[in-house]
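Engineer: All you need for my numbering is the position in the sequence shown, starting with 1, plus 76.
All residues carry an ideal CB built from backbone N, CA and C; glycine is no exception.
A single structure is presented below for examination.
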Amino acid sequence: METVRRHIESQVLSLTGLALGGIDFESPKGDPGLFGPDSICWKVHGDFSSMLIGGITALLLQMLHPGALGGVWDHSNFRSDMLGRLRRTGQFISATTYGSRADADKLIERVRRIHDSVRGTLPDGTRYSANDPDLLTWVHVAEVSSFLASHLRYLNPNLSGEDQDRYYDEIALIAERLGARDVPRSRAQVTAYLQHMRPQLRYDERTREVVQVLLNAPAPSFLAKPFGALMMRAGVDLLPEWAADQLGLGQGHLQRQLIRSSVKRSVPLLRWAVRNGSLHRARRRMGLPALR
77 METVRRHIES
87 QVLSLTGLAL
97 GGIDFESPKG
107 DPGLFGPDSI
117 CWKVHGDFSS
127 MLIGGITALL
137 LQMLHPGALG
147 GVWDHSNFRS
157 DMLGRLRRTG
167 QFISATTYGS
177 RADADKLIER
187 VRRIHDSVRG
197 TLPDGTRYSA
207 NDPDLLTWVH
217 VAEVSSFLAS
227 HLRYLNPNLS
237 GEDQDRYYDE
247 IALIAERLGA
257 RDVPRSRAQV
267 TAYLQHMRPQ
277 LRYDERTREV
287 VQVLLNAPAP
297 SFLAKPFGAL
307 MMRAGVDLLP
317 EWAADQLGLG
327 QGHLQRQLIR
337 SSVKRSVPLL
347 RWAVRNGSLH
357 RARRRMGLPA
367 LR
């Protein structure tokens with residue numbers, strides 16, 4: 077049984093930012109990082125399955141914004157390395173949530189430097205820049221609202237409204253450190269923001285291509301393929317109804333129920349197997365007992 081557990085864990089961690097290395101989540105001892113173990117961020121970001129589903133949803137949602145799409149289209153090797161993109165995003169999220177203060181600061185500064193060169197012109201002649209404060213806010217809100225929605229659906233539907241608002245308030249720090257402005261800090265503000273942004277969102281042939289590349293991204297191994305396909309379907313299912321319709325990815329009621337029940341049957345095994353994720357390592361850094 078231990079061999080099976082280790083094998084499942086290795087397959088899971090191969091999908092995460094941990095596969096890239098470079099971040100020591102267990103040092104220095106006692107360093108709480110940007111948020112610390114009492115934060116809501118530590119709770120929401122600690123489950124691999126719900127974060128993966130939310131991450132897929134976030135990418136689909138982000139691509140509806142022409143500026144976000146332009147940055148990916150012009151400056152990313154997404155066609156050949158979508159898994160690598162997911163891993164890099166995962167590393168940034170895990171390091172800024174669970175890493176030491178120094179590692180979190182280093183990753184934030186690295187992303188800011190990368191953003192300096194991500195700029196260009198959209199097909200309609202509009203200029204875009206990854207350092208645009210408004211674009212940074214869109215990317216952030218699409219991401220964290222998806223993470224929270226996935227957490228509520230697949231891990232803890234009883235997370236209080238107060239803690240949900242606290243999550244948005246905490247995680248706004250990362251967006252602001254990257255240069256975002258007017259970052260929503262509560263459920264009500266996020267809902268109003270998404271409604272405000274809808275007229276600016278577009279779906280065209282370039283969006284279609286990026287979405288198809290994401291949905292058809294190869295799994296890292298044959299054994300991970302069925303799980304990866306299920307996570308993709310769950311990510312689509314988690315989209316706001318208006319976004320799924322705009323992307324042409326609407327699903328029927330029975331299909332959605334099947335996806336959700338399949339996820340809920342599969343994730344307990346993954347949670348049992350993973351004992352060495354970012355959260356687990358950070359807890360060891362803080363001298364906290366192992367999760368059971």
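1) Do G166 and G131 have their beta-carbon atoms positioned less than 9 Å apart in this structure?
2) For R39, tell me which candidate among Q240, V350 and L198 has the shortest Cα-Cα distance.
3) Distance, Cα to Cα, P108 vs W118?
4) I'd like to know whether the C-beta atoms of S125 and V312 end up nearer to each other than 9 Å.
5) Flag this pair as yes or no: are the beta carbons of M127 and S226 separated by less than 9 Å?
6) Once the 5 residues before and after A358 are set aside, which same chain residues still bring their CB inside 6 Å of it?
7) Starting from S103 and walking both ways along the beta strand (DSSP E), at which residues does that stretch end?
8) Out of S262, N352, A320 and T172, state which residue places its alpha-carbon closest to the alpha-carbon of L61.
9) Closest to A310 by CA distance: which of H356, G122 and Y230 is it?
10) Please report the Cβ distance between Y204 and L212, rounded to the nearest whole angstrom; I am assuming they are in contact, meaning their Cβ atoms lie under 8 Å.
11) Hey, could you find the ends of the beta strand (DSSP E) Y269 is sitting in?
12) With DSSP as the reference, identify every bridge partner of Y244, one or two as the case may be.
13) As a quick exercise: from T92, I184, R347 and L110, pick the residue whose alpha carbon is nearest that of R253.
14) Using the beta-carbon count (16 or more within 10 Å), is D208 buried or exposed?
15) If you run the structure through DSSP and keep just helix, strand and coil, what is G328?
16) H329: buried (16+ other C-beta within 10 angstroms of its C-beta) or exposed?
17) Going by DSSP, name the residue or residues bridged to G196.
18) Please name the residue, chosen from M362, R368 and S354, that lies closest to V88 on a Cα-to-Cα basis.
19) Where does G147 land, buried or exposed, given buried means 16+ other C-beta within 10 angstroms?
20) Please name the residue, chosen from L277, A256 and F223, that lies closest to Y243 on a Cα-to-Cα basis.
21) Cβ atoms of L136 and L323: under 9 Å apart, would you say?
22) On the premise that R263 lies in contact with P142, defined as a C-beta separation below 8 Å, what is that separation, rounded to the nearest angstrom?
23) Leaving out five residues before and five after I116 in sequence, what residues of the same chain have Cβ atoms less than 7 Å from its Cβ?
24) Determine the closest residue to K105 out of I84, P365, R368 and R360, with distance taken between C-alpha atoms.
25) Report the three-state DSSP secondary structure of P113 (helix, strand or coil).
26) CA-CA distance, L94 and N352?
27) Just the Cα atoms here: how many angstroms apart are A171 and Q271?
28) Should W318 go down as buried or exposed, given a rule of 16 or more other Cβ atoms within 10 Å for buried?
29) Which class does Y230 belong to by DSSP, given the choice of helix, strand or coil?
30) If D179 sits next to I99, beta carbons under 8 Å apart, how far is it from one beta carbon to the other, in whole angstroms?
31) Going by C-alpha distance, which of G201, R164 and G196 is nearest R186?
Structural biologist: With the given structure in hand:
1) Reading the sequence shown from its first residue, position 55 is the one you call residue 131. Reading the sequence shown from its first residue, position 90 is the one you call residue 166. Yes.
2) This structure leaves residue 39 out entirely; the chain is present only between 77 and 368.
3) Position 32 of the sequence shown, counted from the start, is the residue given in the question as residue 108. Position 42 of the sequence shown, counted from the start, is the residue given in the question as residue 118. If you draw a straight line from the Cα of P108 to the Cα of W118, it comes to about 11 Å.
4) Residue mapping note: residue 125 aligns to position 49 of the sequence shown, counting from 1. Residue mapping note: residue 312 aligns to position 236 of the sequence shown, counting from 1. No, the Cβ-Cβ distance between S125 and V312 is not below 9 Å.
5) The residue given as residue 127 occupies position 51 in the sequence shown. The residue given as residue 226 occupies position 150 in the sequence shown. Taking 9 Å as the cut-off, the Cβ atoms of M127 and S226 count as close.
6) For the purposes of this step, residue 358 is taken as the residue at position 282 of the sequence shown. The residues F101 and Y174, in chain order, have a CB closer than 6 Å to that of A358 in the same chain once the five nearest residues on each side in sequence are set aside.
7) Taking the first residue of the sequence shown as position 1, residue 103 is located at position 27. Premise fails: S103 is in no beta strand (DSSP E) and is neither H nor E.
8) The displayed coordinates of the chain run from 77 to 368. Any statement about residue 61 would go beyond what the structure contains.
9) Residue mapping note: residue 310 aligns to position 234 of the sequence shown, counting from 1. Among H356, G122 and Y230, the Cα nearest to that of A310 is on Y230.
10) By one-based count along the sequence shown, residue 204 stands at place 128. By one-based count along the sequence shown, residue 212 stands at place 136. Not quite, the Cβ-Cβ distance comes to about 12 Å (not below 8 Å), so this is no contact.
11) Locating residue 269 in the sequence shown gives position 193, where the first residue counts as 1. Careful: Y269 lies outside any beta strand (DSSP E), inside the alpha helix (DSSP H) at R263 to M273.
12) Reading the sequence shown from its first residue, position 168 is the one you call residue 244. Paired residue(s): none; Y244 is not in a bridge.
13) Residue mapping note: residue 253 aligns to position 177 of the sequence shown, counting from 1. Looking only at T92, I184, R347 and L110, the smallest Cα-Cα distance to R253 is reached by I184.
14) For the purposes of this step, residue 208 is taken as the residue at position 132 of the sequence shown. The residue is buried, with at least 16 neighbouring Cβ atoms inside 10 Å.
15) In the sequence shown, the residue the question calls residue 328 occupies position 252. If DSSP states are grouped into helix, strand and coil, G328 belongs with coil.
16) Looking up residue 329 in the sequence shown gives position 253. H329 comes out exposed.
17) As a position in the sequence shown, residue 196 is number 120, starting the count at 1. Residue pairing by DSSP puts G196 in a beta bridge opposite Y204.
18) On the sequence shown, residue 88 is found 12 positions in, with the first residue counted as 1. If we check each option's Cα against that of V88, S354 comes out closest.
19) Residue numbering aside, residue 147 sits at position 71 when the sequence shown is read from its first letter. With at least 16 other beta carbons inside 10 angstroms of its own, G147 counts as buried.
20) As a working note, residue 243 is residue 167 in the sequence shown. Minimum Cα distance to Y243 is reached at F223.
21) Reading the sequence shown from its first residue, position 247 is the one you call residue 323. Reading the sequence shown from its first residue, position 60 is the one you call residue 136. The beta carbons of L323 and L136 sit closer together than 9 Å.
22) Translated into the one-based positions of the sequence shown, residue 142 becomes position 66. Translated into the one-based positions of the sequence shown, residue 263 becomes position 187. Rounded, the Cβ-Cβ distance is 27 Å, inconsistent with contact.
23) Here residue 116 refers to the residue found at position 40 of the sequence shown. Exclusion of the five residues before and after I116 leaves D239, R242, Y243 and E246 as the residues of its chain whose Cβ lies within less than 7 Å of its Cβ.
24) The residue labelled residue 105 in the question sits at position 29 within the sequence shown. When each option's Cα is compared against that of K105, the closest is R360.
25) Against the sequence shown, residue 113 aligns to sequence position 37. When secondary structure is reduced to three states using DSSP, P113 falls in the coil class, being assigned neither helix nor strand.
26) Position 18 of the sequence shown, counted from the start, is the residue given in the question as residue 94. Position 276 of the sequence shown, counted from the start, is the residue given in the question as residue 352. Whole-angstrom Cα-Cα distance: 10 Å.
27) Residue 171 sits at position 95 when you count from the first residue of the sequence shown. Residue 271 sits at position 195 when you count from the first residue of the sequence shown. The C-alpha of Q271 is placed about 30 Å away from the C-alpha of A171.
28) Position 242 of the sequence shown, counted from the start, is the residue given in the question as residue 318. With fewer than 16 Cβ atoms within 10 Å of its Cβ, W318 is classed as exposed.
29) Taking the first residue of the sequence shown as position 1, residue 230 is located at position 154. Of the three classes helix, strand and coil, the one that applies to Y230 here is helix, per DSSP.
30) On the sequence shown, position 103 is the one that residue 179 refers to. On the sequence shown, position 23 is the one that residue 99 refers to. With a Cβ gap of about 5 Å, D179 and I99 count as contacting.
31) Taking the first residue of the sequence shown as 1, we reach residue 186 at position 110. The shortest Cα separation from R186 among G201, R164 and G196 belongs to R164.
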